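First residue of the sequence shown? That's 310 in our numbering, and the numbers climb one at a time after it.
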Amino acid sequence: MARLDALAEEIHRRRATAIGYPNNQNTDLEEFYRWYEKSKLYEVALNNVGDPRLPSLFALNTHQLENEVIDFFAPLYGFSLEDCWGMVTNSGTDGNMHGMYFGVKTLQHANKALPVCYVSEEAHYSIKRLADLMNLELCLIKTDRSGRMMVEEFDKALDPSRSALVVVAMGTTFKGAIDDRAAINAVVRERKPVGVYVHLDAALFGGYLPFTTHRELVDRKLADFDSVAVSGHKFFGCDEPMGFFLTTKATVTRTNPFNVTYLNESVPTISCSRNALTVLKFWWKVQKTGKAGFEEQAQAILAMAQYLKGQFDKLGHEAWRDEHSNTVYFHRPSEEIMKKYELAPDYDDRLGGALAHIVVMQHVTVELIDRFIEEVRVSRLNG
Ligand SMILES: *Cc1c(COP(=O)(O)O)cnc(C)c1O
């Protein structure tokens, strides 16, 4: 217990200045854990194995609430409840894995050859890992200075004689750039590859965009996509990795059915056992915060990111931010500041070399930003 106490103390200490990674540290789950303790559900081995959208033979699950989480989110991304298939995932990466896997199977339904996976070179590395796992030819498309896929480069690279699995970055990892989905779709429409599947990697931005005036960016009714992955431990403030994945029922019917007799169904999920507890937390978050609460938080983080960018400008320290983004990237400050604030490093010659970024989540306050900017100012004087 002493070792656990020491670990907890150290983690609490570090939390105060953790602003370099996209985790909302305002987890606000105390009431949930009190309920959980009272419910004694820790005496039960819960498991969400099986297709959450179908009746299950194994009763010790939270499928019903999993479906309510999916039904809350589906319309926000332009899915109709009748056509939507979705689940709560282990993480954003798990959602990307299902998106790419379902994409490959959908495309192979029409054309047996493996598709080419097209993604921007600044997209999250999980896409590269997953393309590698699935033995896909990966075509990395050059980005502009702001980190967006250069659509004319996509046009040049696209091979219409092969199926295309296109992964759209809704928020690149470092600069928070959003690929131009409409322009990408226009290229696809004009060049007509033999098959197309579009997956949105919206792990971070997909959390808050539906709750802003930019919600059209993730609305599939406006620019079509086949699936989307979002993380639950980023914007939504869950205290452990989770996420959700949405696609259409038609997509799922094109995957290999592998009927599982003892589960009385065909199971489209890649993981067999799936977490039932994270579902409870996600459901609780949705109930507790609701649409109005998420709208308020989305507005607040974007306003705070704008404030941070403004403070950099006042200081005369070069910094950048996309208008839809809660990420501010800037010339890298001293090593000491990098460590203290857990800042992630990157490098881009086009922007003068060494960079760092801050991902403004709900726990980032004006006071914290002011303190940080003051430290940057002092270190510039000394540097
Ligand atoms: C965080 C992130 C991921 C990975 O999500 P995890 O939930 O950490 O697995 C993938 N893509 C983007 C754009 C991300 O921001």
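Idealized CB from N, CA, C, for every residue including glycine.
Just so you know, these numbers come straight off a predicted model, no measurement behind them.
- Counting C-beta pairs with one atom in each stretch, the stretch 392 to 401 and the stretch 550 to 559 have three or more that are closer than 8 Å, which means they touch.
- About 11 Å separates the CB atoms of F681 and A665; that is not less than 8 Å, and the two are not in contact.
- Here the alpha carbon of F483 sits roughly 42 Å from the alpha carbon of A368.
- G408 sits in a helix when the DSSP states are folded into three classes.
- Counting only runs of at least 3 residues, the stretch 366 to 407 fully encloses the following beta strand (DSSP E) elements, listed from N- to C-terminal order: 393 to 398.
- About 7 Å separates the CB atoms of T326 and E651; that is less than 8 Å, so the two are in contact.
- For the 9 Å CB-CB criterion, L509 and L416 do not form a contact.
- M443 sits in coil when the DSSP states are folded into three classes, being neither helix nor strand.
- Pairing K543 with N332 gives a Cβ-Cβ distance under 9 Å.
- Counting C-beta atoms within 10 angstroms of its own C-beta, T674 has fewer than 16 neighbours from the protein chains shown and is therefore classed as exposed.
- Annotation: R630 to G619 spans about 10 Å, alpha carbon to alpha carbon.
- In the three-state reduction of the DSSP assignment, M551 falls in the coil class.
- Look at G661 here: in three-state DSSP terms it is coil, with no helix or strand label.
- If you draw a straight line from the Cα of H672 to the Cα of A628, it is about 21 Å long.
- In the structure shown, the three-state DSSP call for P654 is strand.
- Judged by pairs of C-beta atoms under 8 Å, the stretch 591 to 608 touches the stretch 509 to 528, as three or more such pairs exist.
- A Cβ-Cβ distance of about 18 Å is found for the pair F411 and S540, leaving them out of contact under the 8 Å criterion.
- Contact between A614 and N356 is absent: CB atoms are separated by about 39 Å, not below the 8 Å threshold.
- DSSP, read as helix, strand or coil, puts T557 in strand.
- Restricted to the stretch 473 to 545, the beta strand (DSSP E) segments that are unbroken, complete and at least 3 residues in length are 473 to 478, 505 to 510, 536 to 540, listed in chain order.
- Taking 9 Å as the cut-off, the beta carbon of G625 is found no closer than this to the beta carbon of R641.
- Cβ-Cβ distances below 8 Å link V353 to L369 in the same chain, with the five nearest sequence neighbours on each side left out; the list follows chain order.
- For F514, the CB falls within less than 8 Å of some heavy atom of ligand 1.
- Contact between the stretch 489 to 504 and the stretch 433 to 445 is absent: fewer than 3 CB-CB pairs across the two stretches fall below 8 Å.
- The C-alpha of C393 is placed about 15 Å away from the C-alpha of V527.
- Taking the Cβ of H433 as the reference point, at least one heavy atom of ligand 1 falls within a distance shorter than 8 Å.
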